[in-house]
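Beneath this line is the structure, given in C-alpha coordinates, with notes to follow.
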Amino acid sequence: MLEQIKTIAREAGLEILKYYEGDAGVRLKEDESPLTLADLAAHRFICAKLRELDASIPILSEESEPEECADRSNWTRFWLVDPLDGTKEFIKKSGEFTVNIALIENGESVLGVVRAPALETTWFGARGRGAWRQSDGKDAEAMEVRRPDVMKPGIVASRDHAGPLVSELLERFPGAETQSMGSSLKFCLVAEGKADIYLRDVPTMEWDTGAAQCLVEAAGGAVQTLEGERLTYNKADLRNPSLVTLGDKDFNWRG
1120 MLEQIKTIAR EAGLEILKYY EGDAGVRLKE DESPLTLADL AAHRFICAKL RELDASIPIL
1180 SEESEPEECA DRSNWTRFWL VDPLDGTKEF IKKSGEFTVN IALIENGESV LGVVRAPALE
1240 TTWFGARGRG AWRQSDGKDA EAMEVRRPDV MKPGIVASRD HAGPLVSELL ERFPGAETQS
1300 MGSSLKFCLV AEGKADIYLR DVPTMEWDTG AAQCLVEAAG GAVQTLEGER LTYNKADLRN
1360 PSLVTLGDKD FNWRG
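If you use this note's numbering, the sequence shown corresponds to residues 1120 to 1374, in order.
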(Lines of atoms letter the chains of each structure in order from A and count residues from 1; the text may use other names and numbers.)
(Lines give C-alpha, C1' and ligand atoms only; values in the text may rest on other atoms or scores of the structure.)
Protein backbone atom coordinates (compact mmCIF):
# COMPACT_ATOMS: atom_id res chain seq x y z
CA MET A 1 0.00 0.00 0.00
CA LEU A 2 3.03 2.27 0.02
CA GLU A 3 2.26 3.96 -3.30
CA GLN A 4 -1.36 4.58 -2.32
CA ILE A 5 -0.30 6.12 0.99
CA LYS A 6 2.21 8.35 -0.78
CA THR A 7 -0.62 9.60 -2.99
CA ILE A 8 -2.93 10.20 -0.03
CA ALA A 9 -0.23 12.14 1.83
CA ARG A 10 0.60 14.27 -1.23
CA GLU A 11 -3.07 15.09 -1.86
CA ALA A 12 -3.61 15.87 1.83
CA GLY A 13 -0.73 18.30 1.49
CA LEU A 14 -2.58 20.07 -1.29
CA GLU A 15 -5.58 20.43 1.02
CA ILE A 16 -3.30 22.01 3.62
CA LEU A 17 -1.79 24.45 1.14
CA LYS A 18 -5.24 25.85 0.38
CA TYR A 19 -5.02 27.53 3.80
CA TYR A 20 -1.33 28.42 3.72
CA GLU A 21 -1.54 31.96 2.41
CA GLY A 22 -4.99 32.86 3.70
CA ASP A 23 -6.87 32.75 7.00
CA ALA A 24 -6.07 29.41 8.62
CA GLY A 25 -8.60 29.96 11.42
CA VAL A 26 -6.11 29.43 14.25
CA ARG A 27 -7.44 28.49 17.68
CA LEU A 28 -6.03 26.75 20.75
CA LYS A 29 -6.86 23.23 21.89
CA GLU A 30 -7.25 22.28 25.55
CA ASP A 31 -3.50 21.63 25.83
CA GLU A 32 -2.80 25.12 24.46
CA SER A 33 -1.39 23.73 21.19
CA PRO A 34 -2.62 25.46 18.02
CA LEU A 35 -5.25 24.00 15.72
CA THR A 36 -6.06 25.34 12.25
CA LEU A 37 -8.60 24.73 9.54
CA ALA A 38 -5.78 23.06 7.62
CA ASP A 39 -5.31 20.45 10.39
CA LEU A 40 -8.99 19.57 10.26
CA ALA A 41 -9.22 19.54 6.46
CA ALA A 42 -6.22 17.20 6.20
CA HIS A 43 -7.62 14.96 8.93
CA ARG A 44 -10.96 14.57 7.20
CA PHE A 45 -9.34 13.99 3.80
CA ILE A 46 -6.86 11.38 5.02
CA CYS A 47 -9.42 9.44 7.06
CA ALA A 48 -11.84 9.31 4.12
CA LYS A 49 -9.14 8.07 1.74
CA LEU A 50 -7.81 5.47 4.17
CA ARG A 51 -11.31 4.09 4.66
CA GLU A 52 -11.72 3.88 0.90
CA LEU A 53 -8.44 1.97 0.72
CA ASP A 54 -9.38 -0.55 3.43
CA ALA A 55 -12.33 0.11 5.71
CA SER A 56 -11.33 -2.77 8.00
CA ILE A 57 -8.23 -0.94 9.31
CA PRO A 58 -9.07 1.52 12.13
CA ILE A 59 -7.52 4.99 12.25
CA LEU A 60 -5.95 6.87 15.12
CA SER A 61 -5.36 10.51 14.18
CA GLU A 62 -4.28 13.43 16.30
CA GLU A 63 -7.65 14.98 15.51
CA SER A 64 -9.73 11.84 16.12
CA GLU A 65 -12.66 12.15 18.52
CA PRO A 66 -12.26 10.03 21.69
CA GLU A 67 -15.18 7.78 20.80
CA GLU A 68 -13.54 6.89 17.47
CA CYS A 69 -10.68 5.11 19.23
CA ALA A 70 -12.26 4.09 22.52
CA ASP A 71 -11.55 0.41 21.83
CA ARG A 72 -8.01 0.89 20.49
CA SER A 73 -6.53 -1.42 23.14
CA ASN A 74 -7.94 -4.23 21.00
CA TRP A 75 -6.33 -2.97 17.80
CA THR A 76 -3.44 -5.03 16.45
CA ARG A 77 -3.27 -3.19 13.11
CA PHE A 78 -4.19 0.43 12.54
CA TRP A 79 -3.28 3.66 10.78
CA LEU A 80 -1.52 6.28 12.89
CA VAL A 81 -1.91 9.78 11.46
CA ASP A 82 -0.69 13.27 12.17
CA PRO A 83 -2.55 15.25 9.49
CA LEU A 84 -0.45 18.38 10.05
CA ASP A 85 2.71 17.98 12.11
CA GLY A 86 4.40 21.27 12.89
CA THR A 87 1.33 23.49 13.07
CA LYS A 88 3.46 26.27 14.57
CA GLU A 89 5.74 26.09 11.54
CA PHE A 90 2.67 26.20 9.28
CA ILE A 91 1.46 29.34 11.04
CA LYS A 92 4.93 30.92 10.78
CA LYS A 93 5.06 29.89 7.11
CA SER A 94 8.51 28.34 7.48
CA GLY A 95 7.62 25.44 5.17
CA GLU A 96 8.79 22.93 7.81
CA PHE A 97 5.49 21.12 8.40
CA THR A 98 4.51 17.62 7.35
CA VAL A 99 1.78 15.05 6.81
CA ASN A 100 2.58 11.81 8.66
CA ILE A 101 0.91 8.46 7.97
CA ALA A 102 2.09 5.17 9.51
CA LEU A 103 0.79 1.62 9.58
CA ILE A 104 1.16 0.04 13.01
CA GLU A 105 1.15 -3.73 13.47
CA ASN A 106 1.42 -5.29 16.92
CA GLY A 107 2.86 -2.11 18.38
CA GLU A 108 5.48 -1.57 15.67
CA SER A 109 5.61 0.92 12.82
CA VAL A 110 5.92 -1.11 9.61
CA LEU A 111 5.12 1.49 6.93
CA GLY A 112 5.68 5.22 7.00
CA VAL A 113 5.16 8.24 4.76
CA VAL A 114 6.19 11.80 5.61
CA ARG A 115 5.16 14.52 3.17
CA ALA A 116 6.35 18.13 3.31
CA PRO A 117 3.78 19.97 1.17
CA ALA A 118 5.59 23.32 0.98
CA LEU A 119 8.90 21.61 0.19
CA GLU A 120 7.26 19.32 -2.41
CA THR A 121 9.13 16.32 -1.01
CA THR A 122 8.09 12.91 0.29
CA TRP A 123 10.02 10.50 2.51
CA PHE A 124 8.70 6.95 2.57
CA GLY A 125 9.65 3.44 3.57
CA ALA A 126 8.57 0.08 4.88
CA ARG A 127 10.07 -2.51 7.18
CA GLY A 128 12.27 -4.88 5.21
CA ARG A 129 12.03 -2.83 2.01
CA GLY A 130 14.14 0.25 2.67
CA ALA A 131 13.49 4.00 2.73
CA TRP A 132 13.55 6.72 0.08
CA ARG A 133 13.37 10.46 -0.42
CA GLN A 134 11.60 11.86 -3.48
CA SER A 135 11.20 15.46 -4.60
CA ASP A 136 8.32 16.15 -6.96
CA GLY A 137 9.25 15.52 -10.58
CA LYS A 138 12.38 13.55 -9.68
CA ASP A 139 13.25 9.91 -9.13
CA ALA A 140 13.23 8.51 -5.62
CA GLU A 141 16.63 8.27 -3.92
CA ALA A 142 17.39 5.52 -1.41
CA MET A 143 18.20 6.73 2.10
CA GLU A 144 20.83 5.30 4.40
CA VAL A 145 22.07 6.49 7.77
CA ARG A 146 25.73 7.39 8.24
CA ARG A 147 28.48 6.74 10.77
CA PRO A 148 29.14 9.85 12.86
CA ASP A 149 32.35 11.74 13.37
CA VAL A 150 32.62 11.16 17.11
CA MET A 151 34.36 14.51 17.64
CA LYS A 152 31.78 16.54 15.77
CA PRO A 153 28.57 14.59 15.25
CA GLY A 154 25.62 16.12 13.48
CA ILE A 155 22.97 17.02 16.03
CA VAL A 156 19.48 18.08 15.03
CA ALA A 157 17.16 19.74 17.54
CA SER A 158 13.62 20.95 17.67
CA ARG A 159 13.14 24.61 16.86
CA ASP A 160 10.37 24.99 19.46
CA HIS A 161 10.86 22.14 21.92
CA ALA A 162 14.50 21.79 23.02
CA GLY A 163 14.82 20.72 26.66
CA PRO A 164 17.69 20.65 29.21
CA LEU A 165 19.14 17.31 28.04
CA VAL A 166 19.62 18.79 24.58
CA SER A 167 21.65 21.62 26.09
CA GLU A 168 23.78 19.06 27.96
CA LEU A 169 24.31 17.10 24.74
CA LEU A 170 25.54 20.18 22.93
CA GLU A 171 27.93 20.94 25.80
CA ARG A 172 29.24 17.35 25.61
CA PHE A 173 30.07 17.75 21.92
CA PRO A 174 31.27 21.36 21.52
CA GLY A 175 32.44 20.64 17.97
CA ALA A 176 29.09 19.28 16.87
CA GLU A 177 27.44 20.43 13.67
CA THR A 178 23.97 21.54 14.71
CA GLN A 179 20.76 22.02 12.79
CA SER A 180 17.36 23.27 13.92
CA MET A 181 14.30 21.95 12.20
CA GLY A 182 10.54 21.73 12.68
CA SER A 183 8.14 18.77 12.66
CA SER A 184 9.10 15.19 11.76
CA LEU A 185 11.70 16.53 9.33
CA LYS A 186 14.22 16.13 12.16
CA PHE A 187 13.91 12.36 11.92
CA CYS A 188 14.23 12.56 8.14
CA LEU A 189 17.60 14.29 8.45
CA VAL A 190 18.92 11.29 10.40
CA ALA A 191 17.36 8.81 7.96
CA GLU A 192 18.98 10.65 5.04
CA GLY A 193 22.42 10.56 6.62
CA LYS A 194 22.48 14.35 7.05
CA ALA A 195 22.54 14.20 10.86
CA ASP A 196 23.57 11.63 13.46
CA ILE A 197 21.41 12.22 16.48
CA TYR A 198 18.11 13.78 17.42
CA LEU A 199 17.49 13.93 21.15
CA ARG A 200 13.99 14.80 22.30
CA ASP A 201 13.54 15.23 26.04
CA VAL A 202 10.24 17.09 25.77
CA PRO A 203 7.24 14.72 25.38
CA THR A 204 5.86 13.80 21.99
CA MET A 205 2.73 11.89 21.04
CA GLU A 206 2.63 8.63 19.12
CA TRP A 207 1.37 10.31 15.93
CA ASP A 208 4.40 12.62 16.02
CA THR A 209 6.82 9.71 15.65
CA GLY A 210 5.11 6.72 14.00
CA ALA A 211 5.78 7.41 10.32
CA ALA A 212 9.25 8.86 10.85
CA GLN A 213 10.39 5.98 13.06
CA CYS A 214 9.66 3.55 10.24
CA LEU A 215 11.81 5.63 7.90
CA VAL A 216 14.74 5.83 10.32
CA GLU A 217 14.66 2.10 11.01
CA ALA A 218 14.28 1.19 7.34
CA ALA A 219 17.34 3.34 6.62
CA GLY A 220 19.37 1.50 9.26
CA GLY A 221 18.93 3.70 12.33
CA ALA A 222 17.03 3.49 15.60
CA VAL A 223 14.40 5.43 17.54
CA GLN A 224 14.48 4.48 21.19
CA THR A 225 13.88 5.58 24.76
CA LEU A 226 16.75 6.99 26.79
CA GLU A 227 17.03 3.52 28.34
CA GLY A 228 17.74 2.05 24.91
CA GLU A 229 14.36 0.40 24.34
CA ARG A 230 12.68 0.58 20.94
CA LEU A 231 9.78 3.02 20.84
CA THR A 232 6.45 1.14 20.61
CA TYR A 233 2.86 2.10 19.81
CA ASN A 234 -0.71 1.82 21.06
CA LYS A 235 0.47 2.28 24.61
CA ALA A 236 -2.09 2.91 27.35
CA ASP A 237 -0.78 6.49 27.39
CA LEU A 238 -0.29 7.86 23.87
CA ARG A 239 2.40 10.19 25.17
CA ASN A 240 5.92 9.02 24.31
CA PRO A 241 8.76 9.09 26.83
CA SER A 242 11.91 11.07 26.14
CA LEU A 243 13.58 9.57 23.08
CA VAL A 244 16.73 9.57 21.02
CA THR A 245 17.05 8.93 17.29
CA LEU A 246 20.39 7.55 16.15
CA GLY A 247 21.81 6.92 12.72
CA ASP A 248 24.47 4.63 14.17
CA LYS A 249 22.82 2.45 16.83
CA ASP A 250 26.19 1.96 18.56
CA PHE A 251 27.09 5.65 18.80
CA ASN A 252 27.93 6.54 22.43
CA TRP A 253 26.02 9.79 22.50
CA ARG A 254 26.16 9.97 26.30
CA GLY A 255 29.92 10.54 26.09
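Here a beta-carbon is modelled for each residue, glycine too, at the ideal position from N, C-alpha and C.
Where Ala1337 is concerned, the enclosing alpha helix (DSSP H) starts and stops at 1325-1337. Along the length of the region 1196-1238, whole alpha helix (DSSP H) runs at least 4 residues long occupy 1206-1211, reported in chain order. For the region 1128-1154, there is no continuous alpha helix (DSSP H) assignment of 4+ residues that stays within its boundaries.
With the rule of 3 Cβ pairs closer than 8 angstroms, the region 1310-1327 counts as touching the region 1358-1369. Burial state of Asn1219 is buried, judged by a 10 Å Cβ sphere holding 16 or more other Cβ atoms. The residues Gly1312, Ala1338, Gly1339, in chain order, have a CB closer than 7 angstroms to that of Glu1263 in the same chain once the five nearest residues on each side in sequence are set aside.
Under the three-state reduction of DSSP output, Leu1156 falls in the helix class. Nearest to Glu1224 by C-alpha distance, out of Gln1343, Ala1341, Ala1330, Gly1374, is Ala1330. Membership of Leu1179 in any alpha helix (DSSP H) is not indicated; the residue belongs instead to the beta strand (DSSP E) covering 1178-1180. The Cβ neighbour count for Ala1355, taken over all protein chains shown within 10 Å, is under 16; the residue is labelled exposed. In this structure, the CA atom of Lys1168 is about 37 angstroms from the CA atom of Gly1282.
Under the DSSP assignment, Leu1288 falls in the alpha helix (DSSP H) whose first and last residues are 1283-1291.
For Phe1292, the closest of Pro1267, Arg1196, Val1309 by C-alpha to C-alpha distance is Pro1267.
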